[in-house]
Amino acid sequence: MDEKEKMVEMYKRMNEARSFEEKVSFFFARGMVHGTTHLSVGEEASGVASCMALEAYDLITSTHRGHSQVIGKGIDLNKMMAELLGKATGYCKGKGGSMHIADIKAGNLGANGVVGGGHGIAVGAALTQKLKKTGKIVLCFFGDGAANEGSFHEAVNLASIWRLPVIFFCENNFYGMSMPLSKHMNIKDIVKRAEAYGIPGYIVDGNDAVAVYRKVKEAAEYVRSGKGPVLIESKTYRWLGHSKSDANVYRTKEEIVEWKKKCPLKRFRAYLLKEEILTEEEADAIERKAKEDIEKAVEYANNSPEPPIGTLLEDVYA
Amino acid sequence: MDEKEKMVEMYKRMNEARSFEEKVSFFFARGMVHGTTHLSVGEEASGVASCMALEAYDLITSTHRGHSQVIGKGIDLNKMMAELLGKATGYCKGKGGSMHIADIKAGNLGANGVVGGGHGIAVGAALTQKLKKTGKIVLCFFGDGAANEGSFHEAVNLASIWRLPVIFFCENNFYGMSMPLSKHMNIKDIVKRAEAYGIPGYIVDGNDAVAVYRKVKEAAEYVRSGKGPVLIESKTYRWLGHSKSDANVYRTKEEIVEWKKKCPLKRFRAYLLKEEILTEEEADAIERKAKEDIEKAVEYANNSPEPPIGTLLEDVYA
Amino acid sequence: MREITYAEAIREAMSEEMRRDENVFLMGEDVGLYGGAFGVTVGMFEEFGEERVRDTPISEAVIAGAAAGAAVTGMRPVAEIMFMDFTTIAMDSLVNQAAKMRYMFGGKAKVPMVLRCPAGSGTGAAAQHSQSLEAWFCHVPGLKVVAPSTPADAKGLLKSAIRDDNPVIFVEQKLLYRKKGIVPEEEFIIPLGKADIKRKGTDVTIITYGRMAESVLSAAADMEQEGISIEVIDPRTLVPLDRETIIESVIKTGRAVVVHEAVKTGGYGGEIVSAISESEAFDYLDAPVLRIAGKDVPIPYNPELEKAAVPSVAEIKEAVRKVMNR
Amino acid sequence: MREITYAEAIREAMSEEMRRDENVFLMGEDVGLYGGAFGVTVGMFEEFGEERVRDTPISEAVIAGAAAGAAVTGMRPVAEIMFMDFTTIAMDSLVNQAAKMRYMFGGKAKVPMVLRCPAGSGTGAAAQHSQSLEAWFCHVPGLKVVAPSTPADAKGLLKSAIRDDNPVIFVEQKLLYRKKGIVPEEEFIIPLGKADIKRKGTDVTIITYGRMAESVLSAAADMEQEGISIEVIDPRTLVPLDRETIIESVIKTGRAVVVHEAVKTGGYGGEIVSAISESEAFDYLDAPVLRIAGKDVPIPYNPELEKAAVPSVAEIKEAVRKVMNR
Ligand SMILES: Cc1ncc(C[n+]2csc(CCOP(=O)(O)OP(=O)(O)O)c2C)c(N)n1
Ligand SMILES: Cc1ncc(C[n+]2csc(CCOP(=O)(O)OP(=O)(O)O)c2C)c(N)n1
Ligand SMILES: [Mg+2]
Ligand SMILES: [Mg+2]
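Chains as they are written, first to last, in our numbering: chain A, 964 to 1281; chain B, 964 to 1281; chain C, 39 to 364; chain D, 39 to 364.
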């Protein structure tokens, strides 16, 4: 893929992510899905463009709010939707659900239900790449809230002293559940923390797909060259509640409205049109196609079998 | 106590610490004491002067290398020696030993066998002071190695956002067991980490008792005024092995010799003489007295009873 | 008699204790304005203010560690870990610090703190949000462990836990939060360490706690029809365990089954089985004491699999029949 | 036959596996030049270099977490936590990540890692450096747990653990590190999940593991004189547990005692008692299965108190007499 094709693909995946989550949100609102989910609507540029800046063989660790991330990494939407509906054909045979979408072979080392749970895994995965000299790098997603977990501290420090090829990619959406950044840490920019480990840190506008893409590309080069990890803070915003049950009491409607104006999809579309990478018709077609593909994924998932009860006891040990 | 009396008392306590540990070292070398111990010989200015800069009612959390610290806080040497010898008259009735010397009533919330184990306790203790508006502050001792534990990160962040009255006092002796600072973190000065939490940080020459005293005094004032925590990095050095079994393979003899030249006791003595706070004779007398008091403590401990076996099952629950 | 939910009962317990004793305060993730992930603390921020209902960052190690530090210096913190699964991050604070301070320091410290943690599966939240880890804490001298199965027990026991001078792990049941039960309006406390006989019976003793109590009671009601009379004992407090009540019952019935949601291997069921077997009740046993517990698997996402991971009423009945047919 | 120490046996196992498989590497605090807090890895840094014998900062959570991440991407890490007590800091990595990845991901991951951790009291290091926490890990589906009692077992089992495709908690015994035992020179492995009958007998079965095996064997030798024949079974692997060997023996002897150093309440003894009681051996039991275990206290510093916290040979004999006199 050349750069232009990448941009088009990126737009496609961002639309898939949006459509996927709108569908999931619809399901949850109607109690059609079990459990809970964390939607990344409004954060698609951050999740998708960062992954698109990696090579296909690179690895990621994803989070509880991981739909955009894993779609960005390239995923089979059918298997993903099937997993969300708990079907046997899902990525995890229905055992994982929204919080555990993983595709180890494709380099997605898994979403994580534990805030900060992916930090150590990412570092270990990066160590493998270093020891095996694969040339691959790892991108570790985490949130602003996760940056207060001890696991963040230990992992970044270790990656730094061992010069491991990992990008710590913070999706700062300004809230850890109900707690605003301004209350959960005493610094304005999380990137400040990079200095505590002697590694470079960058801030990027997380709603600007192109900016995210470029910054991660640049970081990937640095990291791949063996210089050690990098921290990127991608400032963005989640439009919807933290999880399915969230009355949004901790923030104002105005704030949400303001951020909706910064829609990463609209912004990227405008860019693609302006740069004449896409025509209006082509952009529309991509959006339509994304919606269709999600519908197909739903159909696929709906037509998929439930996992047999006997599978309950399988897969505990290798 | 006025400042001069403080200085004299400080010299006394530093000498007690040195003599105490020389005695303990002697015991261990001869297998006369059970278990292990971590000696702070060479770090007395750091441990003692920092505590002397606090008010008597302030609190500390101590570490595995805590003898100088708790002697600095003011302690009954008899009970301390008795604890080291596992006697019923010890601070912990023989249940704690070297790694758990505590005197809650006197504000010593305990040494800790877990590296980083005191961070959370210090923060909680500081929260008590804030909630009860006692005007007291907490000094939390930890090592350079401990600064890589996740507990450090979580604790300093919490103390910062809640503006708790705690001084994080890092005794940077350049090694976490065998691992040199230059390998266990990618920054030169640990104090750099203060910025990651939006709090002030200071470096102090940990072998200079007066400098330590002044810096902590200043920090205490800041912290007591409600402005939140402070991080102090006290650069110092341990002369002896990490614990009783340490062949010192990870550092050079020359390095140790260099640091021995910077003996905090000699340096402080020279200061006291120069400032005419003490005469040669007075200084000698203090040193002699310290040695004698330690001998007395040994005698006290030796004459103390073993804890009755029946006490094994006591003190688990309040 | 009024009925309130398990969540409301917990909230009442905390609110009453906070009104009674200014040393009691709450801390945890999203316990403030948000009202807690399960709505347990809704309204408390408004009543008690942000000093006493403290939102923390996502930092479980220091939530528990600071609670210990506050407790040892005179406060009575009630800390919440949002899901019991995340106590994994707080284990050093709980096990090496809170639980041991008193003993290590020769009895010269006390650590009156409560750690609340919602446990259990059934919410579709999968392997990292569904565990029942009480057995770990029961294996730590210095900790008390409480696991109430009804709103009234939750209220009475939480009040005791808050007044207790030791660290108490208070295991709440996610699936019970919205269940209602009769809770007296007037103040009451339930002492720690006292089992409750939830149903009287003569043929088989079932020992159970937490969410499983409901299934056991329903099995017992069903089996009454079959002419089998089941005594249901809920220890409520796992440590200290009310051995007497259990043993007395087993001496009477001669048969016992232990039921819990936590995975079977290494679960607290083994402790209860052993306690019975080590006691004088051994000589009265007409059948082995059976354990019906969660399957030895992480909790899966799919709702049917998830259900199958946890003891069903049918399994409980089967176990009763097994011990009856000896 | 040559004799080597338990520590040497562990070192040999790691070295052989590292020579055999370049994916195997070590990581942990002071495992490099220093040779490990207990000298277990002495010389390995020199042989394998700093890339494969990796000193870590004091960061237990990421030691275990990075091991899991390295394992799931193709390496076979052998990580060390310096004292088992500090696995408290690594619990999320071990329990929520390493143990569950395979299951959560529908069987599409494997996590071949070993976590070595020295356990037990007797070194005068008090409450935070002396615990035996194996029961916790036995309660976590997805983990295997190994606890060898001899140099040969340690070597053979560690080699199996390293080759196993699952996360294995390898519990080493501090007090055994310097004990010698016969270890074959030629390569051998011992499969996980296979108990060893350490002594044949006919009157009483004692099930024990780790450091206690020695005391049990010494009690058994003593009691031979009294005419009591004790069969000593060391499961060696706690998960998976070799139930068959245990049950077979108890059917033969009709009497059983379980001995471990870990504190009694909530210990793995309860699991073994229950496994016996749930099996066909129940009908052969002439006496209750007793547990002799550590006292329910944190480990105290004073050497006499410390000793008293752990089962003595006398206590073991007393238990045997108790079950014999029924
Ligand atoms: C260790 C842990 N603590 C708490 C939770 C509950 N929880 C899930 S997501 C979340 C907020 C995470 O905030 P952030 O890292 O900023 O990510 P965001 O949800 O904003 O994407 C919390 C508290 C959890 N899953 N894991
Ligand atoms: C959590 C934990 N990990 C490891 C150890 C073993 N240990 C004891 S002291 C020590 C070194 C601590 O280094 P530092 O914090 O710099 O303190 P210092 O010993 O240099 O005073 C280690 C690794 C421990 N006690 N606790
Ligand atoms: Mg966030
Ligand atoms: Mg140090």
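All C-beta atoms, glycine included, are put in the ideal place defined by N, C-alpha and C. The structure displayed is predicted, hence computed values, not measured ones.
- In the three-state reduction of the DSSP assignment, Lys218 (chain D) falls in the strand class, which pools E and B.
- The beta carbon of Gly305 (chain D) lies closer than 7 Å to those of Ala173, His298 and Ala331 in the same chain, with the five residues before and after it left out.
- Just measuring C-alpha positions, the residue of C:Lys238, C:Ser253, C:Val288 and C:Ile245 sitting nearest Ser267 (chain C) is C:Lys238.
- At a beta-carbon threshold of 7 Å, none of the residues of chain B lie near Leu64 (chain D); the nearest stands roughly 15 Å away.
- Ranked by Cα distance from Ile1195 (chain A), the first of A:Pro1163, A:Asn1211 and A:Val1220 is A:Pro1163.
- Across the region 71-90 of chain C, CB contacts with chain A closer than 7 Å involve Leu71 and Tyr72, in sequence order along the chain.
- Cβ atoms of Val1011 (chain A) and Ser1025 (chain A) stay farther apart than 8 Å, at about 12 Å.
- Cβ neighbours of Asn1149 (chain A) within its own chain (closer than 8 Å, five residues either side excluded): none.
- The region 202-212 of chain D makes no contact with the region 176-184 of chain C, as fewer than three CB pairs between them are under 8 Å.
- Boundaries of the alpha helix (DSSP H) around Gly1083 (chain B): Gly1080 to Lys1095.
- In terms of Cα proximity to Glu344 (chain D), the closest of D:Glu225, D:Val301 and D:Glu316 is D:Val301.
- Between the region 1135-1147 of chain B and the region 1208-1217 of chain B there are three or more inter-stretch CB-CB distances shorter than 8 Å, so the stretches are counted as touching.
- Taking Ile245 (chain D) as reference, the option from D:Ile127, D:Val311 and D:Val62 with the minimal CA-CA separation is D:Val311.
- Here DSSP, grouped into helix, strand and coil, assigns His1147 (chain A) to helix.
- Partner residues in the beta bridge of Gly66 (chain D), as assigned by DSSP, are D:Asp93 and D:Glu118.
- Here the region 1062-1076 of chain B makes contact with the region 123-143 of chain C; the two share three or more CB pairs at distances below 8 Å.
- Per DSSP, Leu279 (chain C) lies in no beta strand (DSSP E) segment and is marked neither H nor E.
- When Cβ-Cβ separations below 9 Å define contact, Asn1111 (chain B) makes contact with chain A.
- Within chain A, Ile1067, Leu1072, Gly1073, Ile1084, Gly1087, Ala1088 and Thr1091 have C-beta atoms less than 9 Å from the C-beta of Val110 (chain D), given in sequence order.
- Here DSSP, grouped into helix, strand and coil, assigns Gly180 (chain C) to coil.
- With fewer than 16 neighbouring CB atoms inside 10 Å of its own CB, Tyr1020 (chain A) falls in the exposed class.
- Counting the other CB atoms within 10 Å of its CB gives Asp59 (chain D) a total below 16, which places it among the exposed residues.
- Among the residues of chain C, none has a CB under 8 Å from the CB of Ser1003 (chain A); the nearest is roughly 18 Å distant.
- One alpha carbon belongs to Arg140 (chain C), the other to Gly1057 (chain B), and they sit about 13 Å apart.
- Checking the 8 Å criterion, the Cβ of Ala346 (chain D) is out of range of every heavy atom belonging to ligand 2.
- For Ser97 (chain D), a Cβ of chain B is located within less than 9 Å of the residue's own Cβ.
- Comparing C-alpha distances from Leu1275 (chain B) to each of C:Gly145, C:Pro156 and C:Lys182 shows the shortest one belongs to C:Gly145.
- Residues of the region 343-363 of chain D with a C-beta less than 7 Å from any C-beta of chain A: none at all.
- Listed in chain order, the positions of the region 1151-1164 of chain B with a beta carbon within less than 8 Å of a beta carbon of chain A are Lys1155, Arg1156, Glu1158, Ala1159, Tyr1160, Gly1161 and Ile1162.
- For Phe143 (chain D), no pairing in a beta bridge is given by DSSP.
- Under the DSSP definition of a beta bridge, Ala157 (chain C) partners with C:Gln211.
- Look at the region 1034-1054 of chain A: the residues with a C-beta under 8 Å from a C-beta of chain D are Gly1053 and Tyr1054.
- Of the candidates B:Thr1000, B:Met1043, B:Met970 and B:Asp1107, B:Met1043 places its Cα closest to the Cα of Ala1260 (chain B).
- Taking 9 Å as the cut-off, the beta carbon of Ala105 (chain C) is found closer than this to the beta carbon of Met65 (chain C).
- In the three-state reduction of the DSSP assignment, Val1119 (chain B) falls in the helix class.
- Set against 8 Å, the gap from the CB of Asn1136 (chain B) to the closest heavy atom of ligand 2 is smaller.
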